[in-house]
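Data first, discussion second: the structure below is written as structure tokens.
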Amino acid sequence: MRDLTVVLTDDAALFREALAGVLGRAGFRIRAQLGDAAAARAAIAEHRPDLAVFDIRLPPTHTLEGLVAAAEIRESHPDTGVLVLSQHLETRLLRMLVRSSSRGVGYLLKERVTGIQDFVDAARRVATGGCAFDPEVVRALTRGDPLGRLSEREHEILSLIAQGRSNMAICEQLRLTKKTVESHVRSILLRLDLHPQPDDHRRVLAVLEYLRPWSEEAYRLALPPPRT
Numbered sequence: 001m002r003d004l005t006v007v008l009t010d011d012a013a014l015f016r017e018a019l020a021g022v023l024g025r026a027g028f029r030i031r032a033q034l035g036d037a038a039a040a041r042a043a044i045a046e047h048r049p050d051l052a053v054f055d056i057r058l059p060p061t062h063t064l065e066g067l068v069a070a071a072e073i074r075e076s077h078p079d080t081g082v083l084v085l086s087q088h089l090e091t092r093l094l095r096m097l098v099r100s101s102s103r104g105v106g107y108l109l110k111e112r113v114t115g116i117q118d119f120v121d122a123a124r125r126v127a128t129g130g131c132a133f134d135p136e137v138v139r140a141l142t143r144g145d146p147l148g149r150l151s152e153r154e155h156e157i158l159s160l161i162a163q164g165r166s167n168m169a170i171c172e173q174l175r176l177t178k179k180t181v182e183s184h185v186r187s188i189l190l191r192l193d194l195h196p197q198p199d200d201h202r203r204v205l206a207v208l209e210y211l212r213p214w215s216e217e218a219y220r221l222a223l224p225p226p227r228t
């Protein structure tokens, strides 16, 4: 299996170096480390990495440059997985990340990443076309949408699915029987008018695909005006 390649973008140099060390030891090849969105766009266009990791707040304004750049990369380089890794949960423009496709995308909160291996596993999933979302991100995605019809327990299980957890892992974490978890998963898909799929990866892709139409307006408002 070939090594996965990655471009890292974060304006905190020490954190960026630490992240490069973690991914490098896990077998990723670091193609570039950048501190701003413009440089990241150029590096990604040059190297076409398997994965691009972005912080949200980047120079010059330290507001949403990273999130907007991540969404643009999703549009312009669909073969590159995009993982947002930030201290901040940006709810206003969150769905712009799943607008064009629900494959190869993730959003993790730095302070809630519980272990190095968990992060590496999430990075590898996104780089190979999967998903990785913090439960808080899932809650923000579903708030105010038809997913609001889910029960509290179903939201909890959906959040774990979005982290890439199998049914057995969900059973162990929530101390539920396999039959109970399977019943909740079926209920989630039925409530959302989604056809059950044979694996966990496709289940979360189906849910994210269901969310995608609600991202259109947020995405349009977030992008900078065209250059004249």
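So in the UniProt record's numbering, spot 39 of the sequence shown is number 39, and the numbers just go up one at a time. Beta carbons are placed, not taken as given, at the ideal position from N, Cα and C, and that holds for glycine. Model, not experiment: these values are computed from the prediction.
Which residues in the same chain have their Cβ closer than 6 Å to the Cβ of residue i, if we skip the five residues on either side of it in sequence?
i, result
"Thr-9", "Leu-34, Ala-40, Phe-54"
"Arg-149", "Arg-191"
Taking 8 Å as the limit between beta carbons, can you name the residues of its chain near residue i, skipping five residues before and five after?
i, result
"Gln-173", "Leu-160, Arg-165"
"Val-126", "Leu-51, Gly-81, Val-82, Leu-83, Gly-104, Val-105, Gly-106, Ala-132"
"Thr-228", "Interpretation of Thr-228 is limited by its pLDDT of 39, a score under 50 that renders its predicted location unreliable; no figure is taken from the coordinates."
"Ala-20", "Leu-8, Ile-30, Gln-33"
"Ile-170", "Ile-157, Leu-160, Ile-161, Leu-176, Val-181"
"Gly-24", "Ile-30"
"Glu-90", "Ile-56, Leu-64, Leu-67"
"Asp-3", "Gly-27, Phe-28, Arg-29"
Could you tell me the boundaries of the beta strand (DSSP E) in which residue i lies?
i, result
"Val-84", "81-86"
"Leu-64", "Leu-64 -> no beta strand (DSSP E), and no H or E assigned at all."
"Val-53", "51-54"
In this structure, how does DSSP classify residue i when only helix, strand and coil are distinguished?
i, result
"Arg-29", "strand"
"Ala-12", "coil"
"Gly-21", "helix"
"Leu-109", "strand"
"residue 251", "Given that the chain is displayed from residue 1 to residue 228, the structure contains no residue 251 and the question cannot be resolved."
"Leu-34", "strand"
"Leu-192", "coil"
"Leu-158", "helix"
Within this structure, are the beta carbons of residue i and residue j separated by less than 8 Å?
i, j, result
"Val-138", "Leu-108", "no"
"Leu-66", "Ala-37", "Before going on, a small fix: residue 66 reads as Gly here, not Leu. Cβ atoms of Gly-66 and Ala-37: closer than 8 Å."
"Ala-43", "Arg-29", "no"
"Val-120", "Ala-18", "no"
"Met-168", "Lys-179", "no"
"Arg-48", "His-77", "yes"
"Leu-64", "Ile-73", "no"
"Leu-97", "Ala-122", "no"
"Ala-140", "Leu-85", "no"
Between which two residues does the alpha helix (DSSP H) holding residue i run?
i, result
"Val-120", "116-127"
"Leu-174", "167-174"
"Glu-46", "37-47"
Keeping to the same chain, check which residues put their C-beta closer than 7 Å to that of residue i; ignore five residues upstream and five downstream.
i, result
"Asp-134", "Tyr-107, Leu-108, Leu-109, Arg-112"
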